[in-house]
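*Asks:* Got a structure for you, written out below as structure tokens; questions coming shortly.
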Amino acid sequence: MTDTPLTLVKAWTAARKRLEAAGIDTPVIDARILLLAAAEIDRAVLIGDPHRVLSPEAQARFDAYVARREAREPAAHIVGKKGFWTLDLISDRRGLVPRPETEVIVDIILKAHAVDVPNRILDLGVGSGAILLALLAERPSWTGVGVDQSEEALELARENAALHGLSARLDLRQGDWHHGIDERFDIVVSNPPYIPSDVIETLQEEVRLHDPRLALDGGSDGLDPYRTLFEALPGLLKPEGLFAFEFGIDQANVIMAMAQAVPELTNLRVIKDLSNIDRVIMGTRL
């Protein structure tokens, strides 16, 4: 940036070049996100009035934001929010930054329950609340329970629920996966940690340094949470109840084998994300 007042389009271009030089994977998108936040405008203004001049205050904010992104802080943490499904969610170090690929779970659950009749959802490892809140926002008659080991993550989920007026239909509990849950649900979802422990130090700095390790570390082979989840699942789902779990790249075969080893589970399918990567396993209980 410079001390000369910048137009929106020039500021965006300059930031893109800085982020490209820093090796950021998505420089165009991140520069736009940071600019909209710094200038306190929406995307329509950027498109419709690209030659609007940034105020000195907005320039200073934008320069600081870009510097933080150059240092590998996630854009979602810098601006304090992340879009997921139809919701803008508060995003900070207390929870995993919501990923677009996780929206696959929301999509398949909503398609499977296209009619809004009362359903009860359990989200194990609820984190920021992204999956559960997206579902509750789409289905006004649904209620849910979200469980997480991290009280910080639960507090983030509470703030996100309050932000979108969903607190009354949501019960958030601190706990170790299913332990202490004494009811059965129509739907069980989870995006558990699935990164092998010794791989975490090789991840991008945005993930390794800013996402909670508890939300990343799946044990020595990345599969520890699934062993717990599949063992517990028959006792958590109602008959004909639906489950959907996210998993990592190249884990589809072993995850499917785990599911197939549970006699009560049927209609098992692996669903790809928008990048054509196997991402979610779904199925029902007999």
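In our numbering, the protein residues as written are 3 to 288.
Yeah, the Cβ is synthetic: ideal placement off N, Cα and C, and Gly gets one too.
1) I'd like the list of long-range same chain contacts for A136, defined as Cβ closer than 8 angstroms, with 5 residues on each side in sequence excluded.
2) Closest to R96 by C-alpha separation, out of R215, H166, R71, E42, would be which residue?
3) Quick one: grab the DSSP three-state call for S192.
4) May I ask you to report which of helix, strand or coil DSSP gives G221?
5) Going by Cα to Cα distance, which pick from A114, L126, A33 is closest to E72?
6) If you draw a straight line from the alpha carbon of F187 to that of P198, how long is it in whole angstroms?
7) Please state if the CB of P76 and the CB of D275 are separated by a distance shorter than 9 angstroms.
8) Around the C-beta of R141, are 16 or more other C-beta atoms found within 10 angstroms, so that it is buried, or is it exposed?
9) Pair every Cβ in the segment 54–74 with every Cβ in the segment 230–238, then say whether three or more of these pairs are closer than 8 angstroms.
10) Whether or not the segment 202–212 and the segment 244–251 are in contact is what I'm after, with contact meaning three or more pairs of Cβ atoms, one per stretch, closer than 8 angstroms; do they touch?
11) Please report the straight-line C-alpha distance between I35 and D27, rounded to a whole angstrom.
12) Going by other Cβ atoms of all chains shown within 10 Å of its Cβ, with 16 needed for buried, is P100 buried or exposed?
13) Give the range of the beta strand (DSSP E) segment to which I283 is assigned.
14) Taking contact to mean at least 3 C-beta pairs separated by less than 8 angstroms, is the segment 116–123 in contact with the segment 152–168?
15) In this structure, how does DSSP classify I133 when only helix, strand and coil are distinguished?
16) Quickly, what does DSSP pair T145 with across the bridge? List them, please.
17) For L288, does the count of other Cβ atoms within 10 angstroms reach 16, so buried, or fall short, so exposed?
18) Which residues mark the beginning and the end of the alpha helix (DSSP H) in which I107 is found?
19) Assign S130 to buried or exposed, taking buried as 16 or more other Cβ atoms, counted over all protein chains shown, within 10 Å of its Cβ.
20) Does any CB atom of chain B fall closer than 9 angstroms to the CB of K12?
21) Starting from D173, trace the beta strand (DSSP E) both ways and give me its first and last residue.
22) To the nearest angstrom, how far is the alpha carbon of T4 from that of H212?
23) Roughly how many angstroms separate the alpha carbons of D219 and S93, rounded to a whole number?
24) Given that a residue counts as buried once 16 or more other Cβ atoms are within 10 Å of its Cβ, and exposed if not, what is Q61?
25) Please classify K83: is it buried, with 16 or more other beta-carbons within 10 angstroms of its beta-carbon, or exposed?
26) What does a CB cutoff of less than 6 angstroms around D44 pick up in its chain, not counting 5 residues either side in sequence?
27) Could you please give the first and the last residue of the uninterrupted beta strand (DSSP E) stretch that includes A246?
28) For W144, which of G127, V190, P58, E242 has the nearest alpha-carbon?
29) What three-state label does DSSP hand T88 in the structure shown?
*Replies:* The relevant details are as follows:
1) Sequence-distant partners of A136 (beyond 5 residues in either direction) whose C-beta falls short of 8 angstroms from its own C-beta, in its chain, are F86, W87, T88, L89, E105, V108.
2) Closest by alpha carbon: R215.
3) Three-state DSSP puts S192 in a strand.
4) Coil, per DSSP.
5) Nearest C-alpha to E72: A33.
6) When rounded, the distance between both Cα atoms is 30 angstroms.
7) P76 is positioned such that its CB atom lies no closer than 9 angstroms to that of D275.
8) Under a 10 Å Cβ-count criterion, R141 is classified as buried, with 16 or more other Cβ atoms of the shown protein chains found around its own Cβ.
9) Proximity of the segment 54–74 to the segment 230–238 falls short of the contact definition, fewer than three beta-carbon pairs being nearer than 8 angstroms.
10) The segment 244–251, when compared against the segment 202–212, does not touch it at the 8 angstroms Cβ threshold.
11) Each residue's Cα considered, the two are about 14 angstroms apart.
12) Buried, by the Cβ-count rule.
13) Looking at the DSSP string, the run of the beta strand (DSSP E) that includes I283 is 280–287.
14) Contact fails: fewer than three Cβ-Cβ distances are below 8 angstroms.
15) Three-state result, I133: helix.
16) Per DSSP, the beta bridge partners of T145 are R122.
17) Answer is exposed; the Cβ neighbour count stays below 16.
18) Start and end: 105–114.
19) Buried, by the Cβ-count rule.
20) In summary, chain B is missing from the structure at hand, where a single protein chain is found.
21) Under the DSSP assignment, D173 falls in the beta strand (DSSP E) whose first and last residues are 172–176.
22) Bear in mind that a pLDDT of 48 at T4, under 50, signals an unreliable position, so the model cannot answer this.
23) S93 has its alpha-carbon roughly 20 angstroms from the corresponding atom of D219.
24) Answer is buried; the Cβ neighbour count reaches 16.
25) By the 16-neighbour rule on beta-carbons within 10 angstroms, K83 is buried.
26) Hits under 6 angstroms: none found.
27) In the DSSP assignment, A246 falls within the unbroken beta strand (DSSP E) covering 239–248.
28) It is V190 whose Cα lies nearest to the Cα of W144.
29) DSSP places T88 in the coil class of the three-state scheme, outside both helix and strand.
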